[in-house]
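S.K.: When you line the sequence shown up against my numbering, it's residues 371 to 1134, in that order. We put the beta carbon where it would ideally sit given N, CA and C, even for glycine.
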Amino acid sequence: MFLADLVHPADWERTLAVLRAVAADGRARRCVHRPATSDGSTHWCRTSIRGIRNGSGRVQELTGVTQPMRGLLLPREALQQRESALRRMLAQVPVFLYLTDRELRFIATAGSELAGPGVELEGRLLHDVLGAGEESSLALSAHGRALRGEPARYDTLWSHRTLEVRVEPAFDEEGRCVGTIGFAVDVTGQRREEESLRTSAERLRTLLETTSDAIYLKDGEGRWLEANDAGLQLFRLPRSEYQGLTDLELSRLDDFFRDALIACYQSDQRTWAAGGPTRQEEIIPQPGGGSRIVDVAKVPLFYPNGQRKGLVVLGRDITRRRLAEEERDRLLHQEKEARAAAEEARRRSEFLSSASRMLADSLDYGATLATVARLGLPFLGEWCAVDLTGEDQRIVRVASVHVEPSKEPLARRLKECVPDLEAPGGIAEVIRTRNPRVLTAHPGEEGGLPLCDHGGSHLDAVREMGLRSVLSVPLVARGRTMGALTFISVVPDRYKDEDVMLAGDLAWRAALALDNARLYRESQEAILARDEFLSIASHELRTPITALRLGIQRLFRLARGGVEPAWKTVAASLEGVERQGRRLTLLIDSLLDVSRLQSHHIQLEMEEMDLSELVRDVVAQLGGVLARTHTPLSLRADTPVVGRWDRFRLEQVVTNLLDNAIKYGAAAPIVVTVALEEGSAVLTLRDQGIGIAPERLPFIFGRFERAVSSRNYGGLGLGLYIVRQIVEMHGGTIHVDSSPGEGSTFTVRLPRLPSSVKEDGVEP
Ligand code: ADP
371 MFLADLVHPA DWERTLAVLR AVAADGRARR CVHRPATSDG STHWCRTSIR
421 GIRNGSGRVQ ELTGVTQPMR GLLLPREALQ QRESALRRML AQVPVFLYLT
471 DRELRFIATA GSELAGPGVE LEGRLLHDVL GAGEESSLAL SAHGRALRGE
521 PARYDTLWSH RTLEVRVEPA FDEEGRCVGT IGFAVDVTGQ RREEESLRTS
571 AERLRTLLET TSDAIYLKDG EGRWLEANDA GLQLFRLPRS EYQGLTDLEL
621 SRLDDFFRDA LIACYQSDQR TWAAGGPTRQ EEIIPQPGGG SRIVDVAKVP
671 LFYPNGQRKG LVVLGRDITR RRLAEEERDR LLHQEKEARA AAEEARRRSE
721 FLSSASRMLA DSLDYGATLA TVARLGLPFL GEWCAVDLTG EDQRIVRVAS
771 VHVEPSKEPL ARRLKECVPD LEAPGGIAEV IRTRNPRVLT AHPGEEGGLP
821 LCDHGGSHLD AVREMGLRSV LSVPLVARGR TMGALTFISV VPDRYKDEDV
871 MLAGDLAWRA ALALDNARLY RESQEAILAR DEFLSIASHE LRTPITALRL
921 GIQRLFRLAR GGVEPAWKTV AASLEGVERQ GRRLTLLIDS LLDVSRLQSH
971 HIQLEMEEMD LSELVRDVVA QLGGVLARTH TPLSLRADTP VVGRWDRFRL
1021 EQVVTNLLDN AIKYGAAAPI VVTVALEEGS AVLTLRDQGI GIAPERLPFI
1071 FGRFERAVSS RNYGGLGLGL YIVRQIVEMH GGTIHVDSSP GEGSTFTVRL
1121 PRLPSSVKED GVEP
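Structure (structure tokens):
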């Protein structure tokens, strides 16, 4: 049987359309139609149609099952009852239903009173009801579209409410569009809510974009959902690229930010692990140099079941603030340092001025030394040693003190620990080079401290005292290095540059004070020596003058005696007068020579001469004295020893030496030798007299220096001074060997042609 035989012709077209649709896509469909035999009004059937596909999946056949629908159309009253029940029900829901014909005239309305109470619409045209205006043209165009078969939807304002209107075409039983069906729903509340949601979303976006903080929203898996411009800018990400990617995925996109993004991922993990908000600083390097320091707050969000929901990340760029803070800290630090330096400078200047006051207190050398040793304590250490170099170029530790008097016995041990001036490093080097030195010894390295004699005996003391740091500065005054001032501390690495400077300042003042005290002492000694010399000189001058006057008085007496005197007596007196006169002349010459020698006003007059002959002459001249004093003399000067010398000055040398040999020779035999040794003339005078005490030996060639008392032996203490000056002016040397009670041997060596001597004077 063909389906066309089952379907009422009026419903055939529609049924055929359903068949075609099933044939096209194979989906099962149903259609309702009247049976072919029906009278066209009351009985209806339902046919279910299914497509049957072949092996290749195409619809090959259609099968259908037609069933009569139960029941008949209801009688008119029943229908009216149903309609009014339906209307009541529709009136309960906020929906307004209406039907129009093709002219858009309201045919039927149902539902709530949305149109407004008492507004009668049925029979009226839509554009009459709406009037002119924008709302009206919107409604007309939607209805127009519905008439063309296209469902439409629009919102309209009606009686201060927002209605959402859906309009669809209305078909008659033949499927022709006969008008429109409209549903109007009151969506005022919904739209308001949507509007407020939209507004708050916009506000949120505005907020996101207007804040300079970087903001990121990530889901529970760490995928970026949203980031504002500031957040994207931090990683130079374009707006289109980031959404849906995780930090690790983003890190693969850009090598530059790779590490920074991995660090972000790791810090996210820490936040998740913490289970609550975290805060940390992250440093994001930036292309083109520099980095941004970001103060990052991360807030994890969880579902009620504890699953991760999302992560809110807020990053505030604190680079400027941090730089400002660093700058502020730096300035603060600088200011603090400047204040500390000013305070230190004040303390130092106070220290130095009080040190200067103390040093100025006394001109006594010993007292100044003691002051110097104590001055720097405890400001510059716990121990202080003062080392001075003597004439013999040896270091003498003149003071060694400790800040606590109870430790003085230890300080004494330190005093014995004197370095050798030739030793490398340490205090000796400070004195040699005039450069300050700082030394530090760690336990076990005590030998490195210059206080030790390096032989080990003082190492124990240094260890016991726990000495760790040494600062040694030179004592230099008026261009002369006097020694060194050394501070010692038990604190390791105690001395810094500023301590070296301070100690240097102190040493300069101390050296000056010591030098002043030395000069003062020397001038005092010089005044004493001068007074002593004056008294000796007056005594020495008075003796020949007295003898001279006595001789002259004797001659007067002889002349006034009225008798012719015995000429022998006169001659003896005259000889005495002459001798005393000569002695006076010699004394005065000596005095004059000393002042000339001092002012370099003596000029040598060189000539070729024989030293042996000169010595023989002098011995002959002093024959009278030798005889008077009963001093035997043996002279070995037979071979001529010729050279270029100043005859008069060499006579002075031989005379002074021979005078002394006679004076201090205790009448024991004297041996005088002149010889030639290695091209030099050598004059030796050996006596067996009183000799010279060893401690006086270094001084006897000095001015006014004597090794005997003026009560026992006359003399000005000038003879040997003049001798040495003359010998040295000739480029020669003088040397003495002597022992008390065993006599003395003076040896003079003279180059025969002195190279370092100019004939007209001394080399400057
Ligand atoms: P003076 O006028 O005292 O002799 P000198 O300068 O000649 O002065 O000698 C200095 C000192 O050296 C003397 O005072 C004396 O003590 C000592 N002296 C010099 N020559 C001898 C000597 N041959 N024997 C012992 N002492 C001597």
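At 3 residues or longer, what runs of the beta strand (DSSP E) sit wholly inside the segment 805-868?
M.R.: 807-810, 839-847, 850-859, all fully within the segment 805-868.
S.K.: Please confirm if the segment 857-864 is in contact with the segment 837-846, defined as three or more CB-CB distances below 8 Å between the two stretches.
M.R.: Cβ pair count under 8 Å is three or more, so yes.
S.K.: Roughly how many whole angstroms lie between the Cα atoms of Glu431 and Leu376?
M.R.: Approximately 18 Å, taken between the alpha carbons.
S.K.: For Leu747, which of helix, strand or coil comes out of DSSP?
M.R.: Reduced to three states, the DSSP call for Leu747 is coil.
S.K.: How many whole angstroms separate the CB atoms of Thr1009 and Ser982, which I take to be in contact at a CB cut-off of 8 Å?
M.R.: About 6 Å; that satisfies the 8 Å criterion.
S.K.: Could you check what DSSP says for Tyr735 in three-state terms: helix, strand or coil?
M.R.: It is helical.
S.K.: What three-state label does DSSP hand Glu977 in the structure shown?
M.R.: The answer is strand: DSSP assigns Glu977 an E or B state.
S.K.: Could you check how far apart the C-beta atoms of Leu491 and Tyr468 are, in whole angstroms? I think they sit under 8 Å.
M.R.: That pair is a contact at about 7 Å.
S.K.: Taking 6 Å as the limit between beta carbons, can you name the residues of its chain near Asp875, skipping five residues before and five after?
M.R.: For Asp875, where only same-chain residues beyond five positions count, the Cβ hits under 6 Å are Leu722.
S.K.: Quick test of your reading: Leu1003 and Val1052, contact by CB under 8 Å. State the CB separation rounded to the nearest angstrom.
M.R.: So it is not a contact: roughly 18 Å between Cβ atoms.
S.K.: Looking at C-alpha atoms only, which residue of Ala461, Gly501, Arg536, His530 is the closest neighbour of Ala512?
M.R.: Cα-wise, what sits closest to Ala512 is Arg536.
S.K.: Could you check where the alpha helix (DSSP H) with Ala942 kicks off and where it finishes?
M.R.: First-last of the alpha helix (DSSP H) with Ala942: 937-968.
S.K.: Where do the N-terminal and C-terminal ends of the beta strand (DSSP E) with Asp1016 fall, by residue?
M.R.: Looking at the DSSP string, the run of the beta strand (DSSP E) that includes Asp1016 is 1012-1016.
S.K.: On the three-pair Cβ rule with 8 Å, is the segment 674-689 touching the segment 581-590?
M.R.: The answer is yes - the segment 581-590 touches the segment 674-689, with three or more Cβ pairs under 8 Å.
S.K.: List the residues that DSSP assigns as beta-bridge partners of Cys1136.
M.R.: Shown here, the chain extends from 371 to 1134; a query on residue 1136 therefore has no answer.
S.K.: Assuming the contact rule is C-beta atoms closer than 8 Å, Val1012 and Met979 should be a hit. Round their C-beta distance to whole Å, please.
M.R.: Right, their Cβ atoms sit about 7 Å apart.
S.K.: What are the boundary residues of the beta strand (DSSP E) that Trp414 is part of?
M.R.: Careful: Trp414 lies outside any beta strand (DSSP E) and carries neither H nor E.
S.K.: List the endpoints of the continuous alpha helix (DSSP H) containing Glu564.
M.R.: Taken as a continuous stretch (DSSP letters only), the alpha helix (DSSP H) holding Glu564 covers 558-580.
S.K.: The beta strand (DSSP E) that contains Arg678, what's its start and end?
M.R.: Unbroken beta strand (DSSP E) run through Arg678: 678-687.
S.K.: Checking the sheet assignment: what are the DSSP bridge partners for Ser770?
M.R.: Looking at the DSSP assignment, Ser770 forms a beta bridge with Ala755.
S.K.: With 16 other CB atoms within 10 Å as the buried threshold, where does Ala626 fall?
M.R.: Per the sequence shown, the amino acid found at residue 626 is Phe instead of Ala. Burial call: exposed.
S.K.: Can you tell me whether Phe926 is buried or exposed, with buried defined as 16 or more other CB within 10 angstroms of its CB?
M.R.: Exposed is the call here.
S.K.: On the CB-based measure, 16 or more other CB atoms within 10 Å of its CB, does Leu443 come out buried or exposed?
M.R.: In this prediction, Leu443 scores a pLDDT of 46, lower than 50, which makes its location untrustworthy; no coordinate-derived value is stated.
S.K.: Quick one: Cα of Arg1006 to Cα of Asp987, how far?
M.R.: Roughly 13 Å between the two C-alpha positions.
S.K.: Cα separation between Leu961 and Met871?
M.R.: Using only the alpha carbons, I get a separation of about 49 Å.
S.K.: Sorted by chain position, which residues of the same chain lie with C-beta nearer than 8 Å to Leu496's C-beta, five sequence neighbours on each side aside?
M.R.: Here the set comprises Thr470, Leu474, Arg475, Phe476, Ala509, Leu510, His513.
S.K.: Buried or exposed for Asp617, please, with buried defined as at least 16 other CB atoms from any protein chain shown within 10 angstroms of its CB.
M.R.: Flag for Asp617 reads buried.
S.K.: When every heavy atom of the ligand ADP is checked, does at least one fall within less than 7 Å of the C-beta of Ile1060?
M.R.: Answer for Ile1060: yes, Cβ within range of the ligand ADP.
S.K.: Which one of Ser1108, Val1044, Val756, Pro379 has the shortest CA to CA distance from Ala1063?
M.R.: When only C-alpha atoms are compared, the closest one is Ser1108.
S.K.: Given Leu1086, which residues of its chain have a CB within under 8 Å of its CB, disregarding the five upstream and five downstream residues?
M.R.: Contacts found: Phe903, Ile906, Ala907, Glu910, Leu957, Ser960, Leu961, Phe1074.
S.K.: For Leu996 and Ala1037, I'd like the C-alpha separation in whole angstroms.
M.R.: Taking the straight line joining both Cα atoms gives about 9 Å.
S.K.: Grab me the residues of Ser1080's own chain with a C-beta within less than 6 Å of its C-beta, minus the 5 sequence neighbours each way, in chain order.
M.R.: So the qualifying residues of the chain are Ile906.
S.K.: Within its chain, find whatever has a CB closer than 6 Å to the CB of Glu534; leave out the 5 residues flanking it on each side and keep chain order.
M.R.: If we look at Glu534 and ignore the five residues flanking it on each side, its Cβ neighbours are Asp525, Val555, Val557.
S.K.: Thinking C-alpha only, which one of Pro521, Gly1061, Leu1090 is nearest Gly1111?
M.R.: Gly1111 has its Cα closest to that of Gly1061, out of Pro521, Gly1061, Leu1090.
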